[in-house]
Amino acid sequence: MDTLHFIVEVRAMGWIASGVATKAPNSMKGYDVAIGKVEGGVGTLEDFITEGRLSPKRDNNQQDWKLTYSGENNGITKLKFYRKLNTNDDNDVVIQQGMPIYIVWAYSPANDALGQDTSSNRGKGLFPHSFDSGNFLMQWTFDDQSNKLTFHVKVKTTGWVGFGFAKVAPAQMKNYDVVVGGYDNGGYLE
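Encoded structure:
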C-alpha cells in the first residue's frame, strides 16, 4: 500500500479541506492539505500547504492529491481522493506506513473564497493505526489493492467483546454497525 485514500462527505455545498501531518503542528503549520469543491457539476481538487491560521498556500511544486470522484446531492458534497504516502515533493509530508497521522478538516457552506474558517466548520484529530487501553488492544490496516479493512483484536476477558462503527456519533448508542465475538467451544462472531 503506497497511497492514502480519503472519502469525505459534508452537509454543505461549498469547499472541503482535508490535511495530513506526521507531527502535531503548532498553530496550524505544516499540514499538506487537499481542498476540493463541486461547482456547476464539475469537481476540482488542489494541493495546499498550511502556514498558520491564515489561508493555506497553493503548492506550486506539483499537485499530488488526485480526485477520483466528486458529487453534490441533497445538500451533501462528497469527494473521493488520494495521494501517495511519499510524493517526492519537498512541500509535502512523507507518511510512513503503519505510523499515526494527524488530520485536520474544514469546510465552507458555500463556494466562497478561502479564508479563515469558522470554529464550527473545522476539526482535527490523531488517527493511529492501533488502540491499546491495557485491557483492550485493537490494530487495523487497510489494503487498497483488495479494498479490505482488517482488524486484530486482543482483549483480556473471559467473556465476549464487541466494537462498532457509525457515520455520525449517535446519542444513546443508537445506529452503530456492531460486531460481537468471543470464544466458546471455538471462536464466534455475530
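So for the sequence shown, the numbering used here puts the first residue at 10; every next one is plus one.
Don't be surprised by glycine CBs; every beta carbon is placed ideally from N, CA and C.
- Proximity of the stretch 93-112 to the stretch 61-74 meets the contact definition, three or more beta-carbon pairs being nearer than 8 Å.
- Sequence-distant partners of Met37 (beyond 5 residues in either direction) whose C-beta falls short of 6 Å from its own C-beta, in its chain, are Thr59, Gly61 and Arg62.
- When DSSP states are grouped into helix, strand and coil, Ser36 belongs to the helix group.
- The stretch 108-117 and the stretch 48-58 do not touch, with fewer than three beta-carbon pairs separated by less than 8 Å.
- In this model, Val189 and Val17 are separated by some 28 Å (Cα to Cα).
- Our two residues, Val164 and Gly173, have alpha carbons roughly 15 Å apart in a direct line.
- Comparing C-alpha distances from Val170 to each of Gly45, Asn144, Ile85 and Pro118 shows the shortest one belongs to Asn144.
- CA-to-CA, the gap between Thr12 and Gln106 works out to about 9 Å.
- When the alpha-carbon of Arg20 is set against those of Thr77, Ile85 and Asn120, the nearest one is in Ile85.
- Assignment of Ile104 by DSSP, reduced to helix, strand and coil, places it in the coil class.
- Burial is judged here by how many other beta carbons sit within 10 angstroms of a residue's own beta carbon; Ala43 has at least 16 and is buried.
- Bridge pairing for Tyr185: absent [DSSP].
- Going by DSSP, Asn82 is part of the beta strand (DSSP E) stretching over Lys75 to Asn82.
- Per the DSSP secondary-structure output, Glu18 pairs in a beta bridge with Lys87.
- Here Phe15 really is in contact with Tyr91; their C-beta atoms are around 7 Å apart, less than 8 Å.
- Bounds of any beta strand (DSSP E) do not take in Thr31, whose DSSP letter is neither H nor E.
- A residue is called buried once 16 or more other Cβ atoms fall within 10 Å of its Cβ, and Pro109, having fewer, is exposed.
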